[in-house]
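> Would you mind keeping the following structure in view while I ask a few things?
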C-alpha cells in the first residue's frame with residue numbers, strides 16, 4: 005500500500021502529495037525536524053549494540069551470624085525456696101520440670117515452711133533457657149533442694165559458670181548446704197533472697213552476717229515470680245562470672 009486513505013483527508017493520485025502526509029498537514033517536509041520542542045537523542049550510525057542483561061543485583065552473600073554462646077547457670081537452694089518458680093518465670097520456653105506430688109512419707113523430712121502451700125517437689129532438676137542478646141544464651145538448671153538428692157549436684161554443676169543460690173529469709177538454715185557446696189567447688193555464686201509476699205524477715209545486712217559470706221559475694225533481693233526481677237538477679241551472676249574469668253585471664 006503506497007498511501008493511507010482517511011475519511012478526513014482527500015485522496016490523491018499515486019505519486020502525488022499524500023493528503024495524510026506531514027507536508028500536507030503542517031507545511032514542512034516529513035524529514036525535517038520541528039522548529040521548537042524537545043530535541044531527542046541523535047540516532048546512532050550503524051546497528052545498535054547487542055543487548056546485555058543487567059548485572060546481578062541480588063542480596064549480598066554474607067557469612068551466617070554466629071550462634072549465641074551457651075552459658076550454664078545453676079539455680080540452687082534449700083527445699084521450697086522458689087527455685088522452680090525462678091526458672092519458670094524467666095524461661096523463654098516451657099520449662100522442663102520433674103515435679104512429684106508430696107506424700108505423707110515426706111512428713112518430717114521435707115519441710116516447705118509454715119507459709120508455703122507447696123504440694124509438689126522437684127525430684128531431679130528443672131530446666132529452662134533465656135536469650136540475653138544475639139551473642140549470649142543462658143541455660144538454667146534448677147537443683148533439687150532435699151539433701152537426699154545431693155549426689156546429683158556434682159553432675160549438674162559440671163560445666164556451669166555460676167550459680168544463683170535462692171534463699172528464704174525466714175529459713176536461712178536451709179541454704180547453708182548450697183553455700184558450702186559452691187564455696188568448696190570454687191564456683192562463683194550470688195545469693196538471691198526471695199521476697200515472699202514482697203517482704204523479708206531480716207535485713208540484707210543481717211542475712212549476710214548470718215550466712216557468714218564475705219563482701220565479695222553479691223547479696224541481692226528479688227522476687228522469684230517476677231520475670232524482670234529474676235533477670236536482674238541473673239545479670240549479677242553473669243557479672244560475677246565475667247569478673248572471675250577476667251581476673252583468671254590476667255593472672
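Residue numbers (the working numbering): 5 to 255. Positions of the beta carbon are idealized from the N, C-alpha and C atoms, including for glycine.
Which term fits residue 139, buried or exposed, when burial requires 16 or more other beta carbons within 10 angstroms of its beta carbon?
Classification for residue 139: exposed.
> Residue 3 and residue 136: beta carbons closer than 8 Å?
The chain is shown from 5 up to 255; residue 3 falls before or after that span and cannot be answered.
> For residue 90, which of 200, 222, 206 has the nearest alpha-carbon?
Residue 90 has its Cα closest to that of 200, out of 200, 222, 206.
> Leaving out five residues before and five after residue 100 in sequence, what residues of the same chain have Cβ atoms less than 6 Å from its Cβ?
Once the five neighbours on either side are set aside, the close Cβ partners of residue 100 are 131.
> Rounded to whole angstroms, how far is the Cβ of residue 232 from the Cβ of residue 195, which I believe are closer than 8 Å?
That belief does not hold up - the Cβ atoms of residue 232 and residue 195 are roughly 19 Å apart, past 8 Å.
> As a quick exercise: from 220, 81, 134, 193, pick the residue whose alpha carbon is nearest that of residue 73.
Nearest of 220, 81, 134, 193 to residue 73, Cα basis: 134.
> Which residue from 81, 159, 161, 245 puts its Cα closest to that of residue 198?
When only C-alpha atoms are compared, the closest one is 81.
> When burial is assigned at 16 or more other CB atoms within 10 Å of the CB, is residue 155 buried or exposed?
The residue is exposed, with fewer than 16 neighbouring Cβ atoms inside 10 Å.
> Alpha carbon to alpha carbon, how far is residue 193 from residue 169?
Cα to Cα, residue 193 sits roughly 7 Å from residue 169.
> Kindly list the residues whose CB is nearer than 7 Å to the CB of residue 191, restricted to its own chain and excluding five residues on each side of it in sequence; keep chain order.
Excluding sequence neighbours, residue 191 sits near 161, 164, 166, 167.
> Quick one: complete alpha helix (DSSP H) runs, 4+ long, within the stretch 143 to 198?
The qualifying runs are 157 to 161, 180 to 189.
> Near residue 216, which residues of its chain fall below 7 Å by C-beta distance, leaving aside the five closest residues on each side in sequence?
The answer is none, since no qualifying residue turns up.
> Along the alpha helix (DSSP H) that carries residue 92, what are the first and last residues, could you check?
It spans 87 to 94 - the alpha helix (DSSP H) in which residue 92 sits, taken as one unbroken run.
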